[in-house]
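All remarks here apply to the structure that follows.
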């Protein structure tokens, strides 16, 4: 009994000091962490059956006629994106027949594809737990950094791979009520203590010396690469190295944007990714101290060059303009989602069929989405300025019977 109490106390302390499920934040809202949990690329994760949490959202069956511009959307890219989902849904009886039928629909025109979705799916409007059907839609992208495989005067900011002393405790195996909770730490003698914070990792010398994966030339760009969760590094030789989120040190993300506003360094409307980068250029002497206020730190791994797109939480490559990060407590991973919103920083309508293929620490709630814009400067600009209001309808197979998880 004493041993059990001792173990529980350690877990409780770690939970209070360094609880996290992995970061991932939206480019347009750098106040919240983003980072998909990426499985080994040799396999696609087995996605558990979908169970909705009513304290997060409810689904209300709808008619196809209420989906804005449903008849006008080019849904061919959405079908190709959905077919990627099928590799992760292969173990679920609900999706097997639909996925097999979807394969036969490749190269069909929009009229045939629309008929396919209307005959095989039912649209359900996502409703927030407070009864509202509107929510926040933000954007994210895949950044490009300049870097090297070797330390140099120019390339001196390291990306680290997962260190061997990082311990991950899955609390769900000990306590079912903590199913999604994981804590991270390290051994110090016979005690488990919180893992090194960002400030400790970036100290000189670093406790992670020897775990460098690559080196880049800009500390702020590296900071935001960790926020995006994946990206590309271009070396002087022209080599493009793709990197993806592998793990995290266990600390919750602390917003440096909010901190700059609180300190009077930036107005609220400038506390964006672009605003923080501009502040960093003007205040190089204050930059390191600011970045260290966020104790969260992301570890990367190099991805194969033949991967077409960054890997989302579903375990499949993301598709620019069609992949959506969602809260899996409200919307099933892999499912088609019709999104009705507006273009970034605009009132122009953006209504299209997306596919739920990613998740994130900041993507919490029923009507809450993060739109993947892809790679490059244009994608970065769109992602950085996207903070729109939207509605969502999840398309579920005709055989779907709602399963509800009630918190006890």
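Residue numbers (the working numbering): 16 to 423. From the three backbone atoms N, C-alpha and C, an ideal C-beta is built for every residue, glycine too. Note that the structure is predicted; figures quoted are calculated from it, not measured.
| Check | Outcome |
| --- | --- |
| Every unbroken beta strand (DSSP E) inside the segment 301 to 381 [3 residues or more] | 313 to 318, 338 to 340, 351 to 357, 364 to 373 |
| Residue 89 burial status per 10 Å Cβ neighbour count (16 or more: buried) | exposed |
| Which listed residue (106, 157, 211) has its alpha carbon closest to that of residue 175 | 211 |
| Separation of residue 152 from residue 109, as counted between CA atoms | 28 Å |
| Residue 288 vs residue 337 beta-carbon contact at 8 Å | no |
| Cut-off 6 Å between Cβ atoms - residues of its own chain near residue 353, not counting five sequence neighbours on either side | 82, 368, 408 |
| Neighbourhood of residue 56 by C-beta, 8 Å cutoff - its chain only, sequence neighbours within 5 removed | Below a pLDDT of 50, predicted positions are generally treated as unreliable, and residue 56, at 41, falls in that range; the measurement from the model is reported next regardless. Closer than 8 Å at the Cβ level, and outside the excluded window around residue 56, lie 318, 319, 322, 326. |
| Cα-Cα separation between residue 51 and residue 261, rounded to whole angstroms | Bear in mind that a pLDDT of 37 at residue 51, under 50, signals an unreliable position, so the number given afterwards is only what the model happens to contain. If you take the alpha carbons of residue 51 and residue 261, they lie about 9 Å apart. |
| Residue 342 classed as buried or exposed, judged by whether at least 16 other C-beta atoms fall within 10 angstroms | buried |
| Counted within 10 angstroms of its Cβ, other Cβ atoms place residue 264 as buried (16 or more) or exposed | buried |
| Residue 95 - partner residues in DSSP beta bridges | According to DSSP, residue 95 bridges with nothing at all. |
| Touching by the beta-carbon criterion (3+ pairs, under 8 Å), the segment 154 to 161 and the segment 392 to 411 | yes |
| The segment 93 to 109 contacting the segment 347 to 362, beta-carbon criterion three pairs below 8 Å | yes |
| Residue 250 vs residue 164 beta-carbon contact at 8 Å | yes |
| Nonlocal neighbours in the same chain, by C-beta distance under 6 Å from residue 178, ignoring five residues either side | 223, 226 |
| Sequence-distant residues of its chain with Cβ nearer than 8 Å to residue 228 (five each side left out) | 173, 174, 175, 176, 258, 315, 316, 317 |
| Endpoints, the alpha helix (DSSP H) within which residue 393 is located | 392 to 400 |
| Buried versus exposed, by CB contacts within 10 Å (16 or more), residue 166 | exposed |
| Residue ranges of each beta strand (DSSP E) within the segment 71 to 148, 3 or longer | 72 to 76, 136 to 143 |
| Euclidean distance between Cα positions of residue 364 and residue 103 | 31 Å |
| Residue 120 versus residue 274 - alpha carbon distance | 51 Å |
| Secondary structure of residue 240, DSSP reduced to three states | helix |
| Backbone secondary structure at residue 417 - three-state DSSP | coil |
| Three-state secondary structure (DSSP) of residue 274 | helix |
| Of the residues 139, 267, 107, the one placed nearest residue 75, counting alpha carbons only | 139 |
| Check whether residue 242 and residue 160 have beta carbons under 8 Å apart | no |
| Reference residue 378; option with closest CA among 357, 360, 402 | 402 |
| Closest residue to residue 146 among 71, 115, 201, 235 (Cα-Cα distance) | 71 |
| Cβ neighbour criterion (16 or more within 10 Å) applied to residue 142 | buried |
| Where the beta strand (DSSP E) containing residue 199 begins and where it ends | 197 to 203 |
| Straight-line gap, residue 206 to residue 304 (C-alpha atoms, nearest Å) | 29 Å |
| Candidates 391, 386, 340, 286, of which the one nearest residue 374 by Cα | 340 |
| Exposure label - residue 105; buried when at least 16 CB within 10 Å | exposed |
| Beta-bridge partners of residue 230, as assigned by DSSP | 163, 173 |
| Length of the line joining the Cα atoms of residue 181 and residue 372 | 27 Å |
| Best match in 294, 332, 214 for proximity to residue 269 [C-alpha to C-alpha] | 214 |
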